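Enquirer: Next up is a structure, given as structure tokens.
Residue numbers (the UniProt record's numbering), protein chains in the order written: chain A, 1 to 310; chain B, 1 to 310; chain C, 1 to 310; chain D, 1 to 310.
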């Protein structure tokens, strides 16, 4: 049996398309799961080598079901991320004309991306929500609705035709997906990496969160995402999911994480992995005093002082 | 026509129950709306005096649809908040026995609160999602499902009986609701108040968010909620919805907000209002140096120095 | 009797020269005092309108006798500052040749400035300390020593000739003097001002001094001098004399001072006055978010929010 | 030839007394030098094993000549510190009565400590400054003055009698002395140690000094002394002599020093050595999250994360 990747199904969604952009996906069995939680649990249970799930998009921000499933349960680790631009096609049965369309269907999450297009082109069409965009396409195939918004790639699978492609109300609509596995040595740094952690504060006091973020700032580490999630201890109790620029083997990141570990009640490491949107050549130089070389020089200097050689 | 309050419908939900705990609700016409956005837009359009919507709960954290509807569009203001403990009743048609129940229904958000109870008491029941808990009750009344999880208060409205009450997997499950209206002079401080704002950073750099939070910390203002929300400018671009302890007429809060206004690209004030969970007697004393009296004494001192009287 | 200025005597020193650069000195009686303390006490006692004393130089830093005399006793205020470049002349009786000089005299503070010159030009001359450079000149006049290092201006007063002028080992040797009077309304801001204060910490804890300085930094106020001085409460107990860029009527400075007043055990305001080394045209623009205009706009915004007009 | 210690002479001063409290002084040749600079230069030149000099007192604060001599020149290191309470005896020739005393002498630094006593007991005595207290005693021995203020220990050496002992206007008058040698491995930590460093800022900007101090504060390191000293680059240019609680082998101190090394233009390590005023039992526990154990646990945790074992 080949190693398998679990992913948030069903087949024919943007998640599957994003997953297939990973070269290693070609050599794995790809198994759709009905929920993020079940896909991650398959990894925890050893049924899948890794799970591929959406974690952030430009409309919703951090995807809470994914974050919550990473925050609780046995530790998992993000291996990779994939960034996918989200544009929709309007799919219909062959022979359908735009003027024939009375009902349209898609997952509710698609609505913000197609609302303006609908208003301009099909102002009278009735919206019918579906469990997924792929499911909407299936229902169109079955004749239940006239057209579906889905990825263009779903047309072939469901025997439909794309009447229009590239539909997107919001420019830059993107979804970020992650490949999640059991803890392992993180991928080697590429020079354009990010590190994900979850922080639980020791107690709540003025300046508490400021001080947590100060552990990053003091070492010149930039934050990319800060998403608060309920801890389950009652309303108003939050932990913080954070993405920061850099790799855990970068000295500045390692020292920042050490600082957090010392002052937080708990820190969960979620992985260091290459940034999907950027290569090393595009990453700005670290702030003065925060490069690996400067960290090592400073460490050497302290060691020499400790040893009386200065 | 009496003044009206819009609220997130349908009738018979926890939202309506929470709304009715407000004394002023008795003198208003209460009108259910199909979405938070439409309820808030009714206020913006002048069709309703105020809107009552959920904004945070102990399972989901900040409720993103509400936050997003407050963050964008013409400014609105939070007048009041209500905190409601969420426990479910299992409602069925009179004469139904627990052993008769094959299908149960509720809004998907109810699931985390009843999952353990279901596993223990109705392990074989099939779950059917409904658009709201009230809708689930209606569908039970119509005979489509056998039982619904909803607030006990929904039983009478739909001619159902509560087979069990007080169902709640998570202790301390609570939802926070807010009454939102057009900008107005905030309610007078009670000594136990909170202030809500939205912050947009001027630019992104290491320490940027730490410095924003430092404006609160420097003045001894404690944070209660920090929820990042996408700005719409593409993935990774966030604004921050913040609840902080204190009233905008508190000197420490006023100075913190001034500081934020100076360094942020934009600050949206969402209101100062009494804290639902706490009265003035329970609020801890401000940190040394941050009381109104100390602020005023310091201001007087600077004025005397500016005037040469010291 | 004309109003009088006390100054650190005797006559014929750099202090007197610096004092005479002030236009108003021409209309006052200038009275030398034997010490900084006695000159300041003359002001406190109402015997002099103001006192003119050195407060900082490029070799010693803050001049501790002056700082201590300002820190203790009834409050005084700095009205003006004067910056004087310090170069020495070698003064001898007329007819003296360089080769005749066996003994040289000056105040010990002059030594670091003439040491290299002596080594190069009079390697065998014996150094004799005097109570002041002017006194050294007097002793040369009386024939006790062969030559004195003093300001060139002292030659005429003591009937001496300058064998050499412009002697200065250190480039940029300067002394800063201040005109100190009783508390009064500070001079109007010129756009290039400084503010002097003394801070006493409330208690001693990690980060305590950092937090004091943070009150300046949060408002974008730059520090020019930080000089610790013993409080008199035993070894290791210090207060801090601080010069900061800006005027107490600048909004950022006023708010920083308010912040310090709130968290310090005591703050003593020592005045806001024009910077001697710089005019408004040379002062860099304030950091973004810290100009008076931005402070006022932020204050207006908070006032509008407090009033419900936003 | 036995190893020798240089010290700030002459013989018979408080410095010598303090030096003799060190057990190792009994086995060294103790050689008085005319200045702190010359004593330290003797160490630099290899003529003395170490030098013993005053570095801080409760009246003057940091002793600038000592600090300046440590800041410039080839690096030296503080090995030990000694704290001495300073009280004076009034010494006179045998047979002298208090009423016979018309002139008193001492080093000017003694004046603040005996001024009140003089006013109360010898209001008409004329003050004559001497080069040192020991020198004043010698001049009394020679009959030039009637009495000298000096340490009681000086009586025997100069054949004088103490008419009064324990004279001290200020309670808690103390002087701190240090034994300074060439760089060597610092003494092992005792649990009650201090570390001395000199910092030069990279550039001058609002918040610059705050950020330097933040390197200590972030790691919970408390400061004991901050003394600014001119850099020699012109008025207003300062470096900072800092004493901080803890030993360079403490993890929190090592990390703070590394942070400073990275952001400062230059850091000079001046040594880690036992605190004279306190033993390990009296040192308060480190702040939560800053003990060696917590640093090591955090470092281990990061190493495990880097290795995929978490």
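Each residue gets a CB set at the ideal place from its N, CA and C atoms; glycine is no exception.
Bear in mind that the values here come from a model prediction, so they are computed numbers and not experimental data.
From residue 245(B) to residue 17(A), what does the alpha carbon distance come to, in whole angstroms?
Expert: By 1-based counting over the second chain, the position of residue 245(B) is 245. By 1-based counting over the first chain, the position of residue 17(A) is 17. Near 45 Å, if we compare the C-alpha coordinates of residue 17(A) and residue 245(B).
Enquirer: Would you mind stating whether residue 140(A) and residue 131(A) have Cβ atoms separated by less than 8 Å?
Expert: Within the first chain, numbered from 1, the residue matching residue 140(A) stands at position 140. Within the first chain, numbered from 1, the residue matching residue 131(A) stands at position 131. Contact flag unset, no.
Enquirer: Please determine if the segment 39–55 of chain C and the segment 170–178 of chain C are in contact, where contact requires at least 3 C-beta pairs separated by less than 8 Å.
Expert: Output reads yes: the segment 170–178 of chain C touches the segment 39–55 of chain C.
Enquirer: In terms of alpha-carbon separation, which member of 149(D), 120(D), 119(D) lies closest to residue 311(D)?
Expert: Because chain D is modelled from 1 through 310, residue 311(D) falls outside the range shown and cannot be assessed.
Enquirer: Going by beta carbon distance, what residues of the same chain come within less than 8 Å of residue 59(C), once the five residues before and after it are set aside?
Expert: By one-based count along the third chain, residue 59(C) stands at place 59. Around residue 59(C): 109, 112, 113, 170, 173.
Enquirer: What distance in whole Å lies between the Cβ atoms of residue 48(D) and residue 85(D), which are believed to be in contact at a cut-off of 8 Å?
Expert: Position 85 of the fourth chain, counted from the start, is the residue given in the question as residue 85(D). Position 48 of the fourth chain, counted from the start, is the residue given in the question as residue 48(D). So it is not a contact: roughly 27 Å between Cβ atoms.
Enquirer: On a Cα-Cα basis, can you pick out the residue from 254(C), 207(C), 126(C) that is closest to residue 221(C)?
Expert: Stepping through the third chain from its first residue, residue 221(C) is reached at position 221. The residue with the shortest Cα to Cα distance from residue 221(C) is 254(C).
Enquirer: Give the C-beta separation of residue 186(C) and residue 299(C) to the nearest angstrom, bearing in mind that I take them to be a contact with Cβ-Cβ under 8 Å.
Expert: Taking the third chain and counting its residues from 1, the one referred to as residue 186(C) is at position 186. Taking the third chain and counting its residues from 1, the one referred to as residue 299(C) is at position 299. The Cβ separation is near 22 Å, so there is no contact.
Enquirer: In angstroms with no decimal places, state the Cα-to-Cα distance between residue 160(B) and residue 137(B).
Expert: As a first step, residue 160(B) must be located in the second chain, where it is residue number 160. As a first step, residue 137(B) must be located in the second chain, where it is residue number 137. If I take the Cα positions, the gap works out to 8 Å.
Enquirer: Residues in the same chain with beta-carbon distance under 7 Å from residue 164(C), minus the five sequence neighbours each way, listed in chain order, please.
Expert: Translated into the one-based positions of the third chain, residue 164(C) becomes position 164. Cβ neighbours of residue 164(C) beyond the five flanking positions: 89, 90.
Enquirer: Just curious, the beta strand (DSSP E) that residue 56(C) is in, first and last residue?
Expert: Counting from 1 along the third chain, the entry for residue 56(C) is found at position 56. Note, residue 56(C): beta strand (DSSP E), 50–57.
Enquirer: Whose CA, out of 252(A), 227(A), 260(A), lies closest to the CA of residue 66(A)?
Expert: On the first chain, position 66 is the one that residue 66(A) refers to. It is 227(A) whose Cα lies nearest to the Cα of residue 66(A).
Enquirer: For residue 1(D) and chain C, any beta-carbon pair shorter than 8 Å?
Expert: Position 1 of the fourth chain, counted from the start, is the residue given in the question as residue 1(D). In this predicted model, residue 1(D) has a pLDDT of only 48, less than 50, meaning its place in the structure is not dependable; the value taken from the coordinates is given anyway. Not an interface residue.
Enquirer: Taking Cβ positions, are residue 34(A) and residue 6(A) nearer each other than 8 Å?
Expert: Along the first chain, read from residue 1 onward, the residue named residue 34(A) stands at position 34. Along the first chain, read from residue 1 onward, the residue named residue 6(A) stands at position 6. Result no, Cβ atoms of residue 34(A) and residue 6(A) do not sit closer than 8 Å.
Enquirer: Is it a yes or a no for the segment 255–269 of chain C touching the segment 227–238 of chain B, going by three-plus beta-carbon pairs under 8 Å?
Expert: Cβ pair count under 8 Å is below three, so no.
Enquirer: Just verifying my parser: in three-state terms, what is the DSSP assignment at residue 224(B)?
Expert: Along the second chain, one-based indexing puts residue 224(B) at 224. Residue state, collapsed to three classes: strand.
Enquirer: Terminal residues of the continuous alpha helix (DSSP H) containing residue 255(D)?
Expert: Start at 1 with the first residue of the fourth chain, and residue 255(D) comes out as number 255. From DSSP, the alpha helix (DSSP H) with residue 255(D) extends over 251–263.
Enquirer: In chain order, what residues of the segment 147–159 of chain C put their CB closer than 8 Å to some CB of chain B?
Expert: Taking 8 Å as the Cβ-Cβ cut-off against chain B, none of the residues of the segment 147–159 of chain C qualify.
Enquirer: Cα separation between residue 275(B) and residue 151(A)?
Expert: Taking the first residue of the second chain as position 1, residue 275(B) is located at position 275. Taking the first residue of the first chain as position 1, residue 151(A) is located at position 151. Taking the straight line joining both Cα atoms gives about 46 Å.
Enquirer: Does residue 165(A) come out as helix, strand or coil in the three-state DSSP assignment?
Expert: Residue 165(A) sits at position 165 when you count from the first residue of the first chain. Note: residue 165(A) maps to strand in three-state DSSP.
Enquirer: Please report how far the alpha carbon of residue 157(D) lies from the alpha carbon of residue 143(D), in whole angstroms.
Expert: Along the fourth chain, one-based indexing puts residue 157(D) at 157. Along the fourth chain, one-based indexing puts residue 143(D) at 143. Their Cα atoms are separated by approximately 15 Å.
Enquirer: With distance defined between alpha-carbon atoms, name the residue in 184(D), 117(D), 36(D) nearest to residue 79(D).
Expert: For the purposes of this step, residue 79(D) is taken as the residue at position 79 of the fourth chain. Cα-wise, what sits closest to residue 79(D) is 184(D).
Enquirer: Would you verify that the beta carbon of residue 245(D) is, or is not, closer than 8 Å to some beta carbon of chain A?
Expert: The residue given as residue 245(D) occupies position 245 in the fourth chain. Chain A contact via Cβ: absent.
Enquirer: For residue 222(A), which residues in chain B fall below 9 Å Cβ to Cβ?
Expert: For this step, residue 222(A) is matched to residue 222 along the first chain. Going along chain B in sequence order, the residues near residue 222(A) (Cβ under 9 Å) are 204, 205, 206, 207, 208.
Enquirer: Please report the distance separating the alpha-carbon of residue 285(A) from that of residue 118(A).
Expert: For the purposes of this step, residue 285(A) is identified with residue 285 of the first chain, where counting begins at 1. For the purposes of this step, residue 118(A) is identified with residue 118 of the first chain, where counting begins at 1. If I take the Cα positions, the gap works out to 45 Å.
Enquirer: Assuming residue 34(B) is part of the beta strand (DSSP E), what are its boundary residues?
Expert: Stepping through the second chain from its first residue, residue 34(B) is reached at position 34. Note, residue 34(B): premise wrong, no beta strand (DSSP E); not H, not E.
Enquirer: Can you give me the start and stop residues for the alpha helix (DSSP H) that residue 215(D) sits inside?
Expert: Here residue 215(D) refers to the residue found at position 215 of the fourth chain. Taken as a continuous stretch (DSSP letters only), the alpha helix (DSSP H) holding residue 215(D) covers 208–218.
Enquirer: What's the gap between the Cα of residue 69(C) and the Cα of residue 191(C)?
Expert: As a working note, residue 69(C) is residue 69 in the third chain. As a working note, residue 191(C) is residue 191 in the third chain. When rounded, the distance between both Cα atoms is 29 Å.
Enquirer: Residue 283(C) and residue 241(C) look like a contact to me (Cβ under 8 Å); what is the Cβ gap, rounded to whole Å?
Expert: Residue numbering aside, residue 283(C) sits at position 283 when the third chain is read from its first letter. Residue numbering aside, residue 241(C) sits at position 241 when the third chain is read from its first letter. The Cβ separation is near 22 Å, so there is no contact.
Enquirer: Tell me whether residue 126(A) is buried or exposed, calling it buried when 16 or more other Cβ atoms sit within 10 Å of its Cβ.
Expert: The residue you call residue 126(A) lines up with position 126 of the first chain. Exposed, because fewer than 16 other Cβ atoms sit within 10 Å of the Cβ of residue 126(A).
Enquirer: With residue 177(A) as the anchor, note down where its beta strand (DSSP E) starts and where it stops.
Expert: For this step, residue 177(A) is matched to residue 177 along the first chain. Residues 174–181.
Enquirer: Using a Cβ-Cβ cut-off of less than 8 Å, list which residues of the segment 286–303 of chain B approach chain C; keep chain order.
Expert: Residues 288, 289, 290, 294, 295, 297, 298, 299, 301, 302.
Enquirer: For a contact meaning CB atoms closer than 7 Å, what does residue 111(A) contact in chain B?
Expert: Stepping through the first chain from its first residue, residue 111(A) is reached at position 111. By Cβ distance, chain B contributes nothing, its closest Cβ being about 11 Å from residue 111(A), past 7 Å.
Enquirer: By DSSP's criteria, residue 278(C) is part of a beta bridge. Which residues make up the other side?
Expert: Sequence index remark: in the third chain, residue 278(C) carries index 278 (1-based). For residue 278(C), which the question treats as bridged, DSSP gives no partner whatsoever.
Enquirer: When the cut-off is 8 Å and only beta carbons count, does residue 249(A) lie next to chain D?
Expert: Indexing the first chain from 1 puts residue 249(A) at position 249. Output row for residue 249(A): interface = yes.
Enquirer: For chain B, check one thing: does any of its Cβ atoms lie closer than 8 Å to the Cβ of residue 212(C)?
Expert: Working through the third chain from its first residue, we reach residue 212(C) at position 212. By this cut-off, residue 212(C) is not an interface position.
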